[in-house]
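These notes concern the structure reproduced below.
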Ligand code: IPE
Ligand code: IPE
Ligand code: MG
Ligand code: MG
Ligand code: MG
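In the working numbering, the protein residues as written are 2 to 333.
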């Protein structure tokens, strides 16, 4: 297993960095992945804390619950994707911190609502009691509402040209719309207890998890570069990367729900089976689902080959997800 894992990690790295001679932008490629990821996570957490500070918004229970929902852990994958794509597009670090914070707020909103009794009825998130358990259901609903609003306020007040701001707002809105996370979550609930084909699960995963992941990648680039005909190759590569990685993340989440322990997950294990949710793991079997996730990560790596070394950080994020999968859901 270890050998396979190492081979796979190398596979992603080598293929994504194909040595096509693209110029290296700024500091990309100079910092070891664990350093820039730690730094990126810290920067986005500082931006979140600035935006949700008591002085700015008043010390209410709602604000306390919003901080609880956003500042207590999380891998910060979506913010890091935004930062990695933004760095390759030449977006300033300050703008990326803000956009990363907006994305993580929106992600936190989807998690808080996902955990509600009317949805997955979960009591544990990021190793802590869920927001509705700690603050009550009404506050948890309002936390999600307010986090969405705050996310859009951040984007609307960015120091970037107005056409870029509009593109960012549209992108984030679309990702959580009925075509994105909200639609995917509705589908998730409608499929409970049903036997469904894999195609349907894949479509649901692309919406409920994939859409925001894909948007996170696009938003990093959209801060600096328009998605127009002149930049079609860039957006084509980023979109394929984001679509494959977004789907892979939900497949990995499904696998880990069935295989990992509470300490690893920071969530209640075995929830999908207990709630009779059809998932990639339940439909394909664990082994095939693992292979599916690995193939998707490989496809995501291949998609960014044309971007050369500029995409190194995007490749490193894939390696992190792959290492996580192999560590916590080892092959039988
Ligand atoms: C969990 O996402 C929910 C899914 C969409 C799969 P993450 O695994 O990225 O959650 P955090 O942000 O690290 O807690
Ligand atoms: C939900 O998927 C994805 C979201 C849009 C929040 P899950 O319900 O599987 O996410 P977890 O396992 O609770 O994090
Ligand atoms: Mg759910
Ligand atoms: Mg859930
Ligand atoms: Mg899950």
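Even glycine gets a Cβ: it sits at the ideal position worked out from N, Cα and C.
Do residue i and residue j have their C-beta atoms closer together than 8 Å?
i: residue 110; j: residue 148; result: yes
i: residue 242; j: residue 315; result: yes
i: residue 113; j: residue 269; result: no
i: residue 96; j: residue 159; result: yes
i: residue 215; j: residue 247; result: yes
i: residue 107; j: residue 169; result: no
i: residue 36; j: residue 103; result: no
i: residue 172; j: residue 223; result: yes
i: residue 193; j: residue 278; result: yes
i: residue 245; j: residue 287; result: no
i: residue 64; j: residue 82; result: no
i: residue 299; j: residue 332; result: no
i: residue 250; j: residue 210; result: yes
Let me confirm a value: residue i is counted as buried when at least 16 other C-beta atoms fall within 10 Å, else exposed. Which label applies?
i: residue 322; result: buried
i: residue 99; result: buried
i: residue 226; result: buried
i: residue 163; result: exposed
i: residue 273; result: buried
i: residue 328; result: exposed
i: residue 152; result: buried
i: residue 165; result: buried
i: residue 320; result: buried
i: residue 75; result: buried
i: residue 133; result: buried
i: residue 191; result: exposed
i: residue 313; result: buried
i: residue 280; result: buried
i: residue 167; result: exposed
i: residue 317; result: buried
i: residue 31; result: exposed
To the nearest whole angstrom, what separates the beta carbons of residue i and residue j, a pair I think is in contact under 8 Å?
i: residue 362; j: residue 176; result: Because the chain spans 2 through 333 in this model, residue 362 falls outside it and cannot be assessed.
i: residue 101; j: residue 88; result: Their Cβ separation, rounded to whole angstroms, is 11 Å, which puts residue 101 and residue 88 out of contact at 8 Å.
i: residue 334; j: residue 282; result: Nothing about residue 334 can be reported from this structure: the residues present for the chain run from 2 to 333 only.
i: residue 326; j: residue 294; result: 6 Å
i: residue 136; j: residue 62; result: 7 Å
i: residue 121; j: residue 276; result: 7 Å
Who pairs with residue i in a beta bridge, going by DSSP?
i: residue 126; result: 129
Three or more C-beta pairs below 8 Å linking the region 179 to 193 and the region 34 to 52: no
At least three beta-carbon pairs within less than 8 Å, the region 122 to 137 to the region 80 to 97: no
Any 3 or more C-beta pairs closer than 8 Å across the region 246 to 266 and the region 205 to 217: yes
Stretch-stretch touch, CB-based, cutoff 8 Å, three pairs: the region 135 to 145 with the region 59 to 75: yes
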